Amino acid sequence: MDRIAGIETVCLSRMHDRDQQWFTAKYRTVKADCCLVLVHTESGRTGIGEASAYGNPTKISGHIKDLAPMLIGRTVSQCEWLHPNGRQQSFDCAVAGLDTALWDLRGQLLSQPVAKLINEKAMTQVEVYASGGCRYDWRVDPDQLIAEARQYQNQGFRAFKFRLGTFWDWDAVTSDRFIELVTALVNATDSHLNLMVDGNCRLSERQALDIGRALAQLGRFLWFEEPIDSKDLQGYQRLSRALDIPISGGESFSTLEQMMPYFTSHAFSIVQQDVGLCGITEAVHIGEIASSYEIRTVPHNWHNGVVTLANAHAVAALEPAPLVEMNMLQGPLQWGILDGPMPISEGWLDISRQEGIGANLAPDISKRYPFIEGYYGVAVER
Ligand SMILES: [Mg+2]
Numbered sequence: 033m034d035r036i037a038g039i040e041t042v043c044l045s046r047m048h049d050r051d052q053q054w055f056t057a058k059y060r061t062v063k064a065d066c067c068l069v070l071v072h073t074e075s076g077r078t079g080i081g082e083a084s085a086y087g088n089p090t091k092i093s094g095h096i097k098d099l100a101p102m103l104i105g106r107t108v109s110q111c112e113w114l115h116p117n118g119r120q121q122s123f124d125c126a127v128a129g130l131d132t133a134l135w136d137l138r139g140q141l142l143s144q145p146v147a148k149l150i151n152e153k154a155m156t157q158v159e160v161y162a163s164g165g166c167r168y169d170w171r172v173d174p175d176q177l178i179a180e181a182r183q184y185q186n187q188g189f190r191a192f193k194f195r196l197g198t199f200w201d202w203d204a205v206t207s208d209r210f211i212e213l214v215t216a217l218v219n220a221t222d223s224h225l226n227l228m229v230d231g232n233c234r235l236s237e238r239q240a241l242d243i244g245r246a247l248a249q250l251g252r253f254l255w256f257e258e259p260i261d262s263k264d265l266q267g268y269q270r271l272s273r274a275l276d277i278p279i280s281g282g283e284s285f286s287t288l289e290q291m292m293p294y295f296t297s298h299a300f301s302i303v304q305q306d307v308g309l310c311g312i313t314e315a316v317h318i319g320e321i322a323s324s325y326e327i328r329t330v331p332h333n334w335h336n337g338v339v340t341l342a343n344a345h346a347v348a349a350l351e352p353a354p355l356v357e358m359n360m361l362q363g364p365l366q367w368g369i370l371d372g373p374m375p376i377s378e379g380w381l382d383i384s385r386q387e388g389i390g391a392n393l394a395p396d397i398s399k400r401y402p403f404i405e406g407y408y409g410v411a412v413e414r
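Add 32 to the 1-based position in the sequence shown for the working numbering, that's all there is to it.
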């Protein structure tokens, strides 16, 4: 019987190079963070999970210390399922990291990829889409967005998601001006490149309607993500009814309970639960229930290599054409934590030959990427 001997949190950071800092609205992101959860067994195995660093690595470490006694001394199969509570983000991220590490151990013990443990018929390849488009500044160079789109297209990605740029009020940006830029982007890229807009909950319902209609007409958009405040259930319901483009959301929710009202009222067509925030167990549960409402899962995935692998396994078990997000702006920390080359080629991630989630950590990561205390974003005023 291989029992759990210790649980460890590894917090890592890297300052962004000045020209790689990115921003949404009024926040400039100055560093990349990573929060790994390692579950060690007596025989020397290590299960690896990554908690979303949005939960604050220092706070997550504290929760892991509190939760560890529930698991230490047990075998993996004796571990109780840990559940996110949907109320405290740092706690949910801690649970998510532990849950993922336990799944990784299960896969290692049975020499199977996690996706296969969840679903015998899981897909073995997951498509990755390029997620970025948050470095363009409406005042300085909005066309940077178009150059970025073309760069990903040349790297072989088949889909690109972008954001709304700097705070619109600073430069009197309107829906029409945004639509103009989006139209230019559509015309400047290959007709095979699929596109998505992430509103980051910044738009009014009126703006979302105008932009959503334009996106539908342009014909290249897979979905319109979180156009309005994530808690505005009725707003989402009205937008989904009015627009001919799938509306997606749910990245900030960690429990099925929080998602259910959006499912039953057909407020989403795509749900974006993130294993880094809700864990593999809850993410799969959410996805299974979502599919009974004909809602597709495309996970939110915004940090480093370990959670990208974990999200890929979860969605491979859920979807016939699994698609996962990849942050194109995270910098060297993202894949530098893993041993060997980035496991993605030309926009595809192969998970067929892995045991567990297939994450092997590179040596000396704590020395190479020492944790830097403090918030990753700096508020900017103009
Ligand atoms: Mg999003």
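Cβ coordinates follow ideal geometry from the N, Cα and C atoms, glycine included. All figures in this text were calculated on a predicted structure; none of them were measured in a lab.
Bounds of any beta strand (DSSP E) do not take in Lys97; it lies within the alpha helix (DSSP H) bounded by 89-99. For Ala315, the closest of Ala346, Gly337, Val338, Thr296 by C-alpha to C-alpha distance is Ala346. Take Leu250, set aside five residues on each side of it, and the residues of its chain with a beta-carbon closer than 6 Å to its own are Val218, in chain order. Closest in alpha carbon position to Arg238, among Val214, Ser207, Phe300, Glu257, is Ser207.
Rounded to whole angstroms, the separation of the alpha carbons of Leu68 and Arg400 is 15 Å.
Of Asp49, Gly409, Gly319, Ile383, the smallest CA-CA separation from Asp136 is found for Ile383. Contact between Cys111 and Ala83 fails: their C-beta atoms lie close to 17 Å from each other, not under 8 Å. The segment 191-209 and the segment 136-150 do not touch, with fewer than 3 CB-CB distances between them shorter than 8 Å.
CA-to-CA, the gap between Asp34 and Leu103 works out to about 12 Å. Under the DSSP assignment, His317 falls in the alpha helix (DSSP H) whose first and last residues are 307-324.
When rounded, the separation of the alpha-carbon atoms in Val146 and Glu212 is 44 Å.
Val62 and Glu152 have their C-alpha atoms spaced approximately 42 Å apart.
Collapsing the DSSP output to three states places Cys66 in a strand. Judged by DSSP secondary structure, Cys125 falls within the alpha helix (DSSP H) whose first and last residues are 121-142.
Taking a contact as a CB-CB distance under 8 Å, the pair Tyr161 and Leu355 counts as one, their CB atoms being some 6 Å apart. Rounded to whole angstroms, the Cβ separation of Arg195 and Thr340 is 19 Å, and the two are not in contact under 8 Å. Relative to Ser297, the option among Asp131, Leu309, Trp334, Asp264 whose CA is nearest is Asp264. The three-state secondary structure of Lys193, taken from DSSP, is strand. The DSSP-derived three-state label of His48 is coil.
For Asp230, the Cβ falls inside the 7 Å cut-off from some heavy atom of ligand 1. Boundaries around Thr56 are those of the beta strand (DSSP E), 54-56, since no alpha helix (DSSP H) includes it.
In terms of Cα proximity to Pro375, the closest of Ala342, Ile404, Asp396, Ala246 is Ala342.
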